[in-house]
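Visitor: Residue numbers (our numbering): 9 to 309.
#1: What do you reckon, are the CB atoms on residue 138 and residue 63 nearer than 9 Å?
#2: Please determine whether the Cβ atom of residue 174 lies at a distance below 8 Å from any heavy atom of the ligand PLP.
#3: By how many angstroms is the C-alpha of residue 244 removed from the C-alpha of residue 251?
#4: Does residue 201 pass the burial test, meaning 16 or more other C-beta atoms within 10 Å, or should it be called exposed?
#5: For residue 51, does the count of other Cβ atoms within 10 angstroms reach 16, so buried, or fall short, so exposed?
#6: Rounding to the nearest angstrom, what Cα-Cα distance links residue 154 and residue 179 in this structure?
#7: Check each candidate in 196, 231, 122 and name the one with the smallest Cα separation from residue 70.
#8: Could you tell me if residue 13 is buried or exposed, where buried requires 16 or more neighbouring beta carbons within 10 angstroms of its beta carbon?
#9: Around the Cβ of residue 267, are there at least 16 other Cβ atoms within 10 angstroms (buried) or fewer (exposed)?
#10: Does the beta-carbon of residue 102 have 16 or more other beta-carbons within 10 angstroms, so that it is buried, or is it exposed?
#11: Helix or strand or just coil, what does DSSP make of residue 283?
#12: Measure the alpha-carbon distance for residue 169 versus residue 188 and round it to whole angstroms.
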């Protein structure tokens with residue numbers, strides 16, 4: 009019968025904490041894997057031996073059942089004897105042979121049962137001794153592994169303490185170095201900041217002077233540009249005013265021409281035309297003159 013995994017002699021998984029400057033991780037894992045493989049083989053052998061013992065026990069029980077059945081049959085035959093006087097010679101001979109065969113079968117069955125029982129007991133003893141041997145080996149292996157594990161943990165703890173102490177000393181040294189370095193950096197920074205402040209003040213004065221000169225130049229350029237823009241605008245305004253005056257004169261001249269040409273546009277007595285509206289008469293008679301005047305005005309403009 010297989011053992012409950014919770015009742016095994018040694019767990020098949022062993023975890024080790026990682027430690028700085030401890031055992032080589034690969035070697036530890038290889039060792040643990042090899043130990044687990046050995047334990048698995050031993051457990052498999054143990055389970056196989058237990059299964060074999062159970063199988064032999066079942067065979068023994070079957071042999072016992074067969075012997076019991078044959079014994080029952082023989083007993084039934086013996087309890088119902090046949091009267092030889094009531095039978096013929098042939099039947100009497102058959103009964104005698106049957107009794108002899110039954111006795112032989114009974115003897116063989118008993119011998120086979122005894123042999124099977126002996127073999128089963130011997131096999132069970134061998135399996136028991138094998139299982140006890142395996143259990144002893146597993147127990148010895150467990151004790152060895154526990155001792156190795158305790159030793160490994162003790163050495164790892166010692167190394168961890170040593171490494172921790174060394175790390176603490178190194179940390180204090182680094183803290184002291186960092187403090188000295190910070191002080192040196194602070195002093196250098198103060199010196200550098202003093203020089204940089206002086207340089208920055210001088211640079212600021214130079215930039216301020218340059219900015220002031222540049223601003224003055226920009227203001228001067230802007231004023232000069234504004235003066236040019238104003239002068240150009242004034243010149244343009246004067247030109248527009250002159251053009252407007254010239255156009256006004258040309259319009260007045262055109263009006264005078266139109267006023268002088270109005271009597272010439274009236275019809276003669278012999279040229280009686282249908283009565284037209286003043287706008288229609290002006291559009292027909294004075295169109296050429298207007299076009300001439302407007303053309304002169306545009307040329308003059």
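Using N, Cα and C, we set each Cβ at its ideal position, and we do this for glycine too.
Guide: Taking the geometry as given:
#1: With respect to the 9 Å criterion, residue 138 and residue 63 are not classified as neighbours on the basis of their beta carbons.
#2: As far as ligands go, the structure on display features none, and thus does not contain the ligand PLP.
#3: The straight-line gap from Cα to Cα measures roughly 10 Å.
#4: Residue 201 is exposed by the Cβ-count criterion.
#5: By the 10 Å Cβ count, residue 51 comes out buried.
#6: Each residue's alpha carbon lies about 36 Å from the other.
#7: Of 196, 231, 122, the residue nearest in Cα terms is 122.
#8: Summary for residue 13: the model assigns pLDDT 41, below 50, so the residue's position carries little reliability; its value from the coordinates is reported in the next sentence. So residue 13 ends up on the exposed side.
#9: For residue 267, the number of other beta carbons within 10 angstroms of its own is below 16, and it is reported as exposed.
#10: Under the 10 Å beta carbon count, residue 102 is surrounded by fewer than 16 other beta carbons and is classified as exposed.
#11: Only weak support exists for where residue 283 lies, its pLDDT of 48 falling under 50; the coordinates are left without a value.
#12: Cα-Cα distance, rounded: 29 Å.
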